[in-house]
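Take a look at the structure below.
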Amino acid sequence: MSKERRGIVVFHCNWAGRHTLDEIGRRKARYPTDVVPMQVSCLGRMHAGLVLKALEAGAVGVLMLGCPEDECRFGTDGAWVARVHAEAVQLARLLGFQEEQVRLERVGPQDGERVRRVLSELADAASLLDSGGDGGAGLASGDGGEGSAQG
Amino acid sequence: MMEDAVRRALVEARAYYCLSCGKCTASCPVARHEAGFSPRRLVESVLEGHAEEALAQGAVWGCLTCLRCEMLCPSGVRLGDFVRAVRGLARTRDLTGLCTHGGAIEAWMRIMARGDHPQRRLDWLWADPSLEAQVWPPLSSQGEGDGKGGVLFFVGCLPYYQVLFADLGIEADEMARDAVRVLNHLGVRPVVLADERCCGHDLLWQGDFEGFARLARKNLDLIAASGAEQVVTLCPECYRTLARDYPALGGRVPPVVHLSEWVTQAVREGRASLGVLPEARVTYHDPCRLGRHMGVYEAPRFVLQSMGLELAEMAHSRGAALCCGTSAWTHCGATSKAIQVDRLGEARATGADLLVTACPKCQIHLRCAMKDLPADSEVSIPIRDWVSLVAAALMEEKTVVVEPAVAR
Chain Y
1 MSKERRGIVV
11 FHCNWAGRHT
21 LDEIGRRKAR
31 YPTDVVPMQV
41 SCLGRMHAGL
51 VLKALEAGAV
61 GVLMLGCPED
71 ECRFGTDGAW
81 VARVHAEAVQ
91 LARLLGFQEE
101 QVRLERVGPQ
111 DGERVRRVLS
121 ELADAASLLD
131 SGGDGGAGLA
141 SGDGGEGSAQ
151 G
Chain W
1 MMEDAVRRAL
11 VEARAYYCLS
21 CGKCTASCPV
31 ARHEAGFSPR
41 RLVESVLEGH
51 AEEALAQGAV
61 WGCLTCLRCE
71 MLCPSGVRLG
81 DFVRAVRGLA
91 RTRDLTGLCT
101 HGGAIEAWMR
111 IMARGDHPQR
121 RLDWLWADPS
131 LEAQVWPPLS
141 SQGEGDGKGG
151 VLFFVGCLPY
161 YQVLFADLGI
171 EADEMARDAV
181 RVLNHLGVRP
191 VVLADERCCG
201 HDLLWQGDFE
211 GFARLARKNL
221 DLIAASGAEQ
231 VVTLCPECYR
241 TLARDYPALG
251 GRVPPVVHLS
261 EWVTQAVREG
271 RASLGVLPEA
281 RVTYHDPCRL
291 GRHMGVYEAP
301 RFVLQSMGLE
311 LAEMAHSRGA
321 ALCCGTSAWT
331 HCGATSKAIQ
341 VDRLGEARAT
351 GADLLVTACP
361 KCQIHLRCAM
371 KDLPADSEVS
381 IPIRDWVSLV
391 AAALMEEKTV
401 VVEPAVAR
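Residue numbers (the numbering used here), protein chains in the order written: chain Y, 1 to 151; chain W, 1 to 408.
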């Protein structure tokens, strides 16, 4: 992630999260170019620290992408993921970020279009934040959009 | 270059005076649980020219910098300073201690050091409209001048701990409010900084001197701009850092006191009286930074006794107190837990109804240790900060003992 083009970090699980990103790629649907997918085995392995590290590294948006609550392969992520997301949002808010910059989406493999929309919203929010225009506009335009879920 | 840095660390810590007597290792709380851990051997191996090997040892990060060893060293070797300097050298080799809490705390410290987002850190203050405080820079609704001549309350990371450690039942925001309540009771309307940064204590003691200096410079600028002529802290680590480490950087800081000293002085001079609390037997845990680092042992005890509490001392107290088991958010593990359980056991052995601390981090660490134990464990004991007790007396609370509220 260069300073000029600050990205959107997507922490996605091995299962529905990964397949949903894959689905966007297979459809050759356009989505913002500066998406950095980070694979975790399950969102149940996440900690608010990971989200803050992404923000520290310059991310303008963080998306936690995992299975629907009752379909977690490990059966553990429901309450924990909600808690980690809530902590990350509250800490990001204290640090002066917008709450919308840290999102949690639980998806099935057919939800590619929804995720693509969320990524665009994060990029749009980024362009609003970047009033100085250092790359936000590029993110928001969504050009060159065949980002790969394989990162 | 490395050799020069090592020599400087040895000279500044007076390590050449080491007699190899081993009192440091014998008194070290870590060495009691880790047979291979030896502050003496760490110093010795660097003295003998094996700095590179020493940097890679866990001992560099396992040390709590609690300064128990320094209290007993017959040669006055400054082991805490030595370990801090060696950690800085280790970082130049990309060696770091074990990360804790998912790296969240280091991340927020570095985001604050970058400082491109004004924080929203004052929700704790807005939650109670009866609190009298002056925000710097002034809010348009306050429409006031500056904090010139004022008393600055340096809040520290309490609002962040409230979020990250909510599951431990720590009421960090309430502690900040209690501090303002106590200051208000003393007739002080403190200045609080809207964009105060972490003091940098933990980056400093992790050996990240550059990150520390960035945070320090931002806070120094903010404090200077506020015009405050006195700084009061609640967190002993902020206290040490602002009073000692900022001036060591060349920063000009107004006089810094710990709130317990401020309250003690006010009571002794008859300028304030504290309420009386319901009868209870309490024991007080000396935080390393407040006690051994800054020499404040009596003020919190005086405050507790002034409110009619019976104070029972633990087997190790004041200069000999056991550390809470972890420092600088690094290298927490089985040894930390064992030290915490030892300390909680000492607290229970006093027969006290309540363990009182003066450091939010000690409270976090001791509560964390209890979380891992059964609820009826023989070392479980309710914990509160001393300032919460002073506020409880002012608000005439009916009991001082609050059961440990730990999510399991």
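For glycine and all other residues, C-beta sits at the position ideal for the given N, C-alpha and C.
Open item on the list: Do residue 115 of chain Y and residue 99 of chain Y have their beta-carbon atoms positioned less than 8 Å apart in this structure?
Closed with: Not in contact: residue 99 of chain Y and residue 115 of chain Y (Cβ atoms no closer than 8 Å).
Open item on the list: Using CA atoms only, rank isn't needed, just tell me which of W/339, W/200, W/150 and W/327 is closest to residue 379 of chain W.
Closed with: Selected option, being the one with the closest Cα: W/339.
TODO: Output yes if chain Y places a C-beta closer than 8 Å to the C-beta of residue 111 of chain W; else output no.
DONE: Interface residue (Cβ-Cβ distance to chain Y less than 8 Å): residue 111 of chain W is classified as such.
Task: Beta-carbon spacing of residue 285 of chain W, residue 357 of chain W below 8 Å - done: yes
Open item on the list: Taking the alpha carbon of residue 60 of chain W as the reference point, which residue from W/288, W/330, W/371 and W/165 has its own alpha carbon closest?
Closed with: W/330
Open item on the list: If you follow the beta strand (DSSP E) that residue 105 of chain Y is in, where does it begin and where does it stop?
Closed with: Here the beta strand (DSSP E) through residue 105 of chain Y covers 102-106.
Open item on the list: Against chain W, with Cβ distances strictly below 8 Å, would residue 90 of chain Y count as a contact?
Closed with: Taking Cβ atoms only, chain W reaches closer than 8 Å to residue 90 of chain Y, which makes this a yes.
Open item on the list: In this structure, how does DSSP classify residue 206 of chain W when only helix, strand and coil are distinguished?
Closed with: coil
Task: Beta-carbon neighbours of residue 47 of chain Y, restricted to chain W and to distances below 9 Å - done: 101, 102, 103 and 104, listed in chain order.
- [ ] Count the other CB atoms, across all protein chains shown, that sit within 10 Å of the CB of residue 158 of chain W; report buried if there are 16 or more and exposed otherwise.
- [x] Burial check for residue 158 of chain W: the Cβ neighbour count within 10 Å reaches 16 or more, so the residue is buried.
Task: Three-state secondary structure assigned by DSSP to residue 162 of chain W - done: helix
TODO: Would you decide whether residue 2 of chain Y is buried or exposed? Buried here means 16 or more other CB atoms lie within 10 Å of its CB.
DONE: Low per-residue confidence applies at residue 2 of chain Y: pLDDT is 45, beneath 50, and the placement is therefore not dependable, though the value from the model is reported in the following sentence. Label assigned to residue 2 of chain Y: exposed.
- [ ] Return no unless some Cβ of chain Y is closer than 8 Å to the Cβ of residue 31 of chain W.
- [x] no
Open item on the list: Using beta carbons (cut-off 8 Å, strictly below), is residue 354 of chain W in contact with chain Y?
Closed with: Not one chain Y Cβ lies under 8 Å of residue 354 of chain W.
Task: Own chain partners of residue 17 of chain Y with C-beta closer than 6 Å, once the 5 adjacent residues on each side are dropped - done: 65 and 66
Open item on the list: Nearest by alpha-carbon distance to residue 265 of chain W: which of W/238, W/302 and W/295 is it?
Closed with: Minimum Cα distance to residue 265 of chain W is reached at W/302.
Open item on the list: I'd like to check one pair, residue 133 of chain W with residue 190 of chain W: are the Cβ atoms closer than 8 Å?
Closed with: Contact: yes.
- [ ] For residue 257 of chain W, count neighbouring Cβ atoms within 10 angstroms of its own Cβ and tell me buried if that reaches 16, exposed if not.
- [x] buried
Open item on the list: I'd like to confirm the pairing. Which residues does DSSP put opposite residue 99 of chain W in its beta bridges?
Closed with: In the DSSP output, where bridge partners are listed per residue, residue 99 of chain W has W/330.
Task: For residue 113 of chain W, the nearest candidate out of W/270, W/182, W/197 and W/154 (CA to CA) - done: W/197
Open item on the list: Considering only their Cβ atoms, is the gap separating residue 67 of chain W from residue 80 of chain W smaller than 8 Å?
Closed with: Against a cut-off of 8 Å, the Cβ pair of residue 67 of chain W and residue 80 of chain W comes out as a contact.
TODO: Compute the distance between the beta-carbons of residue 217 of chain W and residue 56 of chain Y, then report whether it is under 8 Å.
DONE: no
Task: Cut-off 6 Å between Cβ atoms - residues of its own chain near residue 5 of chain W, not counting five sequence neighbours on either side - done: 89
- [ ] Assuming residue 120 of chain W and residue 96 of chain Y form a contact by the criterion Cβ under 8 Å, report the distance between their Cβ atoms to the nearest whole angstrom.
- [x] Residue 120 of chain W to residue 96 of chain Y, Cβ: 6 Å. Contact.
Task: For residue 37 of chain Y: DSSP bridge partner residues - done: Y/10
TODO: With a 10 Å radius around its C-beta and 16 neighbouring C-beta atoms as the bar for buried, classify residue 260 of chain W as buried or exposed.
DONE: Residue 260 of chain W is buried by the Cβ-count criterion.
TODO: Anything in chain W within Cβ reach of residue 97 of chain Y, meaning under 7 Å, just list it in chain order.
DONE: 117
- [ ] Would you be able to state if there are at least three C-beta pairs under 8 Å between the stretch 386-403 of chain W and the stretch 359-368 of chain W?
- [x] no
Open item on the list: Quick check: the stretch 69-82 of chain Y against the stretch 117-126 of chain Y, are at least 3 beta-carbon pairs closer than 8 Å?
Closed with: no
TODO: State the Cα-Cα distance for the pair residue 194 of chain W and residue 106 of chain W, rounded to the nearest angstrom.
DONE: Roughly 21 Å separates the two Cα atoms.
Task: For residue 241 of chain W, three-class secondary structure by DSSP - done: In this structure, residue 241 of chain W counts as helix in the three-state DSSP scheme.
- [ ] Compare the Cα-Cα distances from residue 62 of chain Y to each of Y/102, Y/47, Y/87 and Y/50 and report the closest residue.
- [x] Selected option, being the one with the closest Cα: Y/102.
Task: Neighbour flag for residue 107 of chain W against chain Y, beta carbons, 8 Å - done: yes
TODO: Give the DSSP bridge partners of residue 31 of chain Y, in chain order.
DONE: DSSP, once it has assigned bridges, lists no residue as partnering residue 31 of chain Y.
Task: residue 230 of chain W (DSSP reduced to helix, strand or coil) - done: strand
Open item on the list: Buried or exposed, going by whether 16 or more other CB atoms sit within 10 Å of the CB of residue 19 of chain W?
Closed with: exposed
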